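S.K.:
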Amino acid sequence: MAAGSSAASPWWKEAVVYQVYPRSFCDSNGDGIGDLRGITSKLDYLQGLGVDVVWLSPVYQSPNDDNGYDISDYRAILPEFGTMADFDAMLAGMHARGIRLVMDLVVNHCSDEHPWFVQGRTSRDNPYHDYFLWGAPVDRPNGRREPNNWESVFSGSAWEYNAPTGEYYLHMFTRKQPDLNWENPRLRAEVYDLMRFWLDKGVDGFRMDVINMISKPYAPDGSLPDAPVRSDRFLQPAFALSCNGPRVMEFLREMRREVLDHYDILTVGECPMISPRQGREMTDPQTGALHMVFQFEHMDIDSVPGHPDGKWAMRPVELPELKAILARWQTDLHGQGWNSLYWCNHDQPRPVSRFGDDGGYRVESAKMLATCLHLMQGTPYVYQGEELGMVNVPFEGIEACRDVETLNFFRAATTEWGWPPDRALAAIRAKGRDNARVPMPWDPAAPHGGFTTATPWIDAHPEFPRINAASALADPDSVYHYYRRLIALRKQHPIIVHGRFDLLLGDHPDLFAYTRTMGDECWLVLCNFRGTDTACDLPHPLRTATGDPVLCNYPDAAGGVLGPLTLRPYECRVYRLRSAQPHAPSP
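In my numbering, the protein residues as written are -18 to 568.
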């Protein structure tokens, strides 16, 4: 897709990406906030892990209403993170170690303190006014005057009144994040120019924030239609209406022509509400626009569809459902598009607490989840601390939280929905975004886990004396060293990158089993998602096949005939079959 990439195997297919959330990674100057020099000081750690790419969450100038996802200057570094010289030194340090850098591109919206909006809101005649989405007041039976009934992702109306022009502006996130008007070709040209700015500095790609929201569903009269009325308080249908709009592929293909095709880079689009068909269209090497997408089907699996309390109304994870979702993306994109593989990021709780066991089997389940993910087809993403087996945070009260989504939820739940505070806090401990945003624990003996010498912007995880990088590095059987082996395995065996995925035992309530096949080579992956011994009766002819162990999270897995097996709690095993026999995956 881009100059310098091999059509057979572009570098980004073989890469492993590590996400750094800079505010919480490492503080170099003692102000309680992680920064660019802090990241530079830990590059040897990342090189030792074996990752190929760092995805850096936003470090641009920002008022920080949404932790940097509200950008006021796309070409400047937020001073609390450092200077442009610090950025250049970090980038040079990464490249010297063979690590590429992917920046966060946030262009569905900007900050209300960006000069475009500061000028555009002053007058309807201002040339920047049309960089944003405006609507005239409408008299409604309920006494409200917003142009339509859309609710924002972070609670409340998606419209904010602007007195100087007598209009409302659209903000699908906080009121300080006005949506950009991609219908305006001048705005698109500005975006492409700022992308070139960073790429010409040597950046190696972009993770594109909610990029499938850039095209809005305009009615023939130029208005944005009302969303269907329903009881869902937190994720109103307006969110779905604003995703995958009618011109999204047109805009992204233009971006590819104008910018992306001229650089050898990685591109991944964050795409909520996207289907495998749309993902295949977006990542098709010939006719698509991006290399891969972040889809969210498996991230929504423990929410209750249609429940009035949205994602915060939780249900147990049903493994057959999880397998079906991931297998559908594997098979539907095979040979046509490309998958991203992830269990968590800065917006998601810790996977060990969500899908594994953050108690007695923390280490085993962390290794099992890593194996299950990294052995599928796609580019794996590791979020900071995931390689340590970090767990969710037992927040004692809402005052310990910092995330705008979490704070808005707690306020709405306890003042409007009738939830007792304990219930709301339980939901936050399970699903809140701050679970992933507490400081990276480096040193068990240092205050705040060695993240900072000052008071951190958000409290360190209380488990840092037990779960930390120094202890993991010193323990050859740690989660960290298991990730190192997984990443090295991927570099050694093309079947992990290119092999076909076939799901086995799709209805099994406890086992996630699949094969990877490439030519005459076949690997079998077995993962026990339960904290009990689980019998594994493979379908014929696999039960009579023989295999050699490649990887296991327990120390004594043996090879031989794959007949009836019993997997221990959260055990995973990877076998290379001695003779790859054709087989049909079972339901």
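Cβ atoms here follow ideal geometry from the backbone N, Cα and C, with glycine treated the same way. Being a predicted model, the structure only gives us computed values, none of them experimental.
Are there 16 or more other CB atoms within 10 angstroms of the CB of Ile192, so buried, or fewer, so exposed?
M.R.: Burial is judged here by how many other beta carbons sit within 10 angstroms of a residue's own beta carbon; Ile192 has at least 16 and is buried.
S.K.: How long is the line joining the alpha carbons of Thr155 and Phe187, rounded to whole angstroms?
M.R.: 23 Å
S.K.: Can you name the residues that DSSP bridges to Cys508?
M.R.: Beta-bridge pairing by DSSP links Cys508 to Phe493, Cys553.
S.K.: Sorted by chain position, which residues of the same chain lie with C-beta nearer than 8 Å to Lys472's C-beta, five sequence neighbours on each side aside?
M.R.: Closer than 8 Å at Cβ, skipping near neighbours: Glu(-5), Gly31.
S.K.: With burial defined as no fewer than 16 other Cβ atoms inside 10 Å of the residue's Cβ, what is the status of Asn45: buried or exposed?
M.R.: buried
S.K.: When you compare each of Asp120, Pro206, Gly101 to Asp111 by their alpha carbons, which one comes out closest?
M.R.: Gly101
S.K.: Compute the Euclidean distance between the alpha carbons of Val274 and Tyr50, then round it to the nearest angstrom.
M.R.: 19 Å
S.K.: Taking just the CA atoms, how far does Asp25 sit from Leu424?
M.R.: The sequence shown places Asp at residue 424, not Leu. In this model, Asp424 and Asp25 are separated by some 16 Å (Cα to Cα).
S.K.: Assuming Ser38 contacts Tyr2 under a Cβ cut-off of 8 Å, what Cβ separation, rounded to an integer in Å, is found between them?
M.R.: Indeed they touch by this definition, with Cβ atoms about 5 Å apart.
S.K.: Leaving out five residues before and five after Ser334 in sequence, what residues of the same chain have Cβ atoms less than 8 Å from its Cβ?
M.R.: The residues are Val372, Asn373, Ala411, Asn416.
S.K.: In the DSSP assignment, what are the bridge partners of Phe187?
M.R.: Met84, Thr248
S.K.: Within its chain, find whatever has a CB closer than 8 Å to the CB of Ile282; leave out the 5 residues flanking it on each side and keep chain order.
M.R.: Val298, Glu299, Glu302, Leu303, Ile306
S.K.: Count Cβ pairs between the segment 545 to 560 and the segment 511 to 531 that sit closer than 8 Å; are there 3 or more?
M.R.: yes
S.K.: Ends of the beta strand (DSSP E) at Arg481?
M.R.: Going by DSSP, Arg481 is part of the beta strand (DSSP E) stretching over 481 to 485.
S.K.: Around the Cβ of Ala347, are there at least 16 other Cβ atoms within 10 angstroms (buried) or fewer (exposed)?
M.R.: Counting Cβ neighbours within 10 Å, Ala347 comes out buried, since at least 16 surround it.
S.K.: Tell whether a beta-carbon distance below 9 Å holds between Trp324 and Ala408.
M.R.: No, these two residues do not count as a Cβ contact at 9 Å.
S.K.: Going by alpha carbons, who is nearest to Val419 out of Met236, His442, Glu397?
M.R.: His442
S.K.: Just how far apart, CA to CA, sit Ser256 and Asn10?
M.R.: 44 Å
S.K.: Would you report the Cα separation of Asp47 and Val385, rounded to the nearest angstrom?
M.R.: 6 Å
S.K.: What are the boundary residues of the alpha helix (DSSP H) that includes Leu168?
M.R.: 166 to 181
S.K.: Pairing CB atoms from the segment 354 to 361 with CB atoms from the segment 312 to 321, are three or more of them under 8 Å?
M.R.: yes
S.K.: Enumerate in chain order the residues of its own chain whose CB-to-CB distance from Pro145 is below 8 Å, with the five nearest sequence positions on each side excluded.
M.R.: Counting only Cβ-Cβ distances below 8 Å, and skipping sequence neighbours, we find Arg102, Thr103, Ser104.
S.K.: Among Arg4, Leu72, Trp(-8), Arg331, whose alpha-carbon lies nearest the alpha-carbon of Thr21?
M.R.: Leu72
S.K.: Given a cut-off of 9 Å on the beta-carbon distance, is the pair Val184 and Val83 in contact?
M.R.: yes
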